[in-house]
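Reading the sequence shown from the start, the letters are residues 2 to 467 in the working numbering.
To start, the structure under review is shown below, and the notes come after it.
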Amino acid sequence: YDHLGWPVEVHRAHAPSPQVLTYSWQQTDPETPIASDGGGATAAPNLAFGQGGYYVALVEPQPEPIPPGSVGSVSVSDDTRGLARLSKFPSGERPRIVANAMVGGGFRAGSGGVPEVLVDELLFSDTEFGLGLSILEPEDTQGGQLVVQEANGEQELRLRVLAGTLRIPWGDYGTGGAGILGQLPSDAGLLYVGNEILAYDSYDASSGELTLAPNGRGLLGTDPQPHGIGEPVTFLSEFTVTTLSSGISSEDGTIPLESTAGFPSEGTLLIGDELIHYTRYANGGVEMPRRSSEAGAMDGRGSGLFRGRYGTTPQPHGAGEPVILFPIRYWDRWAERADAPELAYFEFELAQPAAYWTGFFFEDEAAAMPGAELHVLQRTDPSVPWDADPESTDGLDLLRVGIREGRELPVGAQADLIQWRVHVNYPAGAFDPATGASHSWRTTPRLRRIGAFYYAPCFQLRSVER
């Protein structure tokens, strides 16, 4: 596996035929060296046929000979990547073993063109799908692909594959049984077929029929499309997926799941085009805190706080829809007209007895991508609940800018205490589920400075008479 070989240019390739024709040429005149057809051409077996290879002529000699190769101590293998061979670029073949990864550089630490991108996080994983199905070496079939058996239309909710066949670099490998599909998760999973990502919710291992989930076509920015016989089907094992065990409304705070296996105790879900935060397990699913039925009640009888994250729209979802665990960089844990321990914000306060607050300001550093903004919820009356409506409640104001026309924002309130909750607001369109063209959901602004102006009476803290 450690020899990458070299690029070569093929002059001509020849595939031996099963038979060759032999002709009975004869020279009729001993004085004239001209052969004539004697008739009676016969077919003879071609000794070169059946050797499992092609004859290839190169334009230039290869730099050095390469031995046939072997896989460990095994001389016969189902994994052709361990054997010397010629591959036509682009073959789609990927290396079996990767020893090093170069981030921010060219191939083999060269000076190749490197795009100007921000590398935020790298994840390395492998798949166990297909592992152990080979009768020679367990790893020979690891990461293999299923094969479409019947043509599939773009609206169909079923997909039939060859139940006993796995496609590996060697070719279509028959396992002689139906144990291949049994390695798939039973509740749900993602499949990559052609240029489409699909979600299944059940399968019949003996027949090779997979049932696709409702709204399970064209996921993760792909489009539904037809698929032909023989197309490879890749199981995307790196995604944690399940389905809704029952339908939910656009305000529900509990998400019922068929299985919580692989889902952490808190995280983000993608259901349809909606991103949802959850904060704990609950009753065979996951849930989030709820709003109060009325401001200050803290009774948790309102709508779920973390529906429609990153500017997506809360929507109802039906039973059986795929639920995908979605990776994020920054939480979007602020909700309007809400007060709960799970909210994410910076809280500041200033206490000054009998003070008259004249102005307030804050300065921030914009996010790397336009979209996300810092907002501040300001309270000058501690008796007013944080989850009241700032548009209609005295003592509570929502500030969307920190400085207006070069000056601080007016406050105009007398209070012993003033409080602020600084939070991030992701507007509509911060996350684009259709094309992935918006990146503002991956960024966040930063608070640089916050301040207030006030007048307050003088107090005599200590007096000494002599």
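Don't be surprised by glycine CBs; every beta carbon is placed ideally from N, CA and C.
{"Check": "Spatial neighbours of L221 in its chain, beta-carbon cut-off 7 Å, leaving aside the 5 residues before and after", "Outcome": "I198"}
{"Check": "The beta strand (DSSP E) enclosing Q28, as first and last residue numbers", "Outcome": "26–28"}
{"Check": "Where W421 falls: helix, strand or coil (DSSP)", "Outcome": "strand"}
{"Check": "Three-state secondary structure (DSSP) of S441", "Outcome": "helix"}
{"Check": "8 Å Cβ cutoff met for A85 and P62", "Outcome": "no"}
{"Check": "The region 270–282 / the region 394–402 touching (three or more Cβ pairs under 8 Å)", "Outcome": "no"}
{"Check": "Burial state of G263 (16 or more Cβ within 10 Å)", "Outcome": "exposed"}
{"Check": "Classification of E10 by the beta-carbon crowding that lies within 10 angstroms, buried from 16 upward", "Outcome": "exposed"}
{"Check": "Contact check, E288 vs G321, beta carbons under 8 Å", "Outcome": "no"}
{"Check": "Burial state of T269 (16 or more Cβ within 10 Å)", "Outcome": "buried"}
{"Check": "C-alpha gap between A431 and A438, whole angstroms", "Outcome": "9 Å"}
{"Check": "For G407, the nearest candidate out of P139, F363, D127 (CA to CA)", "Outcome": "F363"}
{"Check": "H228 versus L245, V162, S250, residue with shortest Cα-Cα distance", "Outcome": "V162"}
{"Check": "Residue from S25, R310, L119 whose Cα sits closest to the Cα of G39", "Outcome": "S25"}
{"Check": "Beta-bridge partners of Q20, as assigned by DSSP", "Outcome": "P46"}
{"Check": "Residue environment, R310, which counts as buried when at least 16 other CB atoms sit within 10 Å", "Outcome": "buried"}
{"Check": "N- and C-terminal bounds of the beta strand (DSSP E) containing Q184", "Outcome": "From DSSP, Q184 is part of no beta strand (DSSP E); its letter is neither H nor E."}
{"Check": "R291 and R302 closer than 8 Å at C-beta", "Outcome": "yes"}
{"Check": "Cut-off 7 Å between Cβ atoms - residues of its own chain near H318, not counting five sequence neighbours on either side", "Outcome": "L245, G248, I249, I272, G273"}
{"Check": "Cα-Cα separation, D382 to G312", "Outcome": "30 Å"}
{"Check": "Pick from L276, Q461, L378, T444 that is closest to P434, judged by C-alpha positions", "Outcome": "L276"}
{"Check": "Rounded straight-line distance, which links the Cα of A453 to that of S464", "Outcome": "30 Å"}
{"Check": "Through-space distance from F327 to S266, alpha-carbon basis", "Outcome": "13 Å"}
{"Check": "Counted within 10 angstroms of its Cβ, other Cβ atoms place Q146 as buried (16 or more) or exposed", "Outcome": "buried"}
{"Check": "Check whether D121 and R450 have beta carbons under 8 Å apart", "Outcome": "no"}
{"Check": "Counted within 10 angstroms of its Cβ, other Cβ atoms place P257 as buried (16 or more) or exposed", "Outcome": "buried"}
{"Check": "Own chain residues within Cβ distance below 8 Å of W358, not counting five before or after", "Outcome": "T381, V412, G413, A414, Q415, A416, I419, A453, F454, Y455"}
{"Check": "Inter-residue spacing [alpha-carbon to alpha-carbon] between E392 and G305", "Outcome": "22 Å"}
{"Check": "Continuous beta strand (DSSP E) stretch holding V11: start and end", "Outcome": "11–15"}
{"Check": "Where P468 falls, given that 16 or more other Cβ within 10 Å makes a residue buried", "Outcome": "The structure shown does not extend to residue 468, since the chain spans only 2 to 467, so no value can be given for it."}
{"Check": "Contact check, A457 vs A355, beta carbons under 8 Å", "Outcome": "yes"}
{"Check": "Pairwise C-alpha distance: P233 and G195", "Outcome": "8 Å"}
{"Check": "Rounded separation between S384 and D340 - CA only", "Outcome": "14 Å"}
{"Check": "Proximal residues to T223 (C-beta, below 8 Å), its chain only, five neighbours per side dropped", "Outcome": "N196, E197, I198"}
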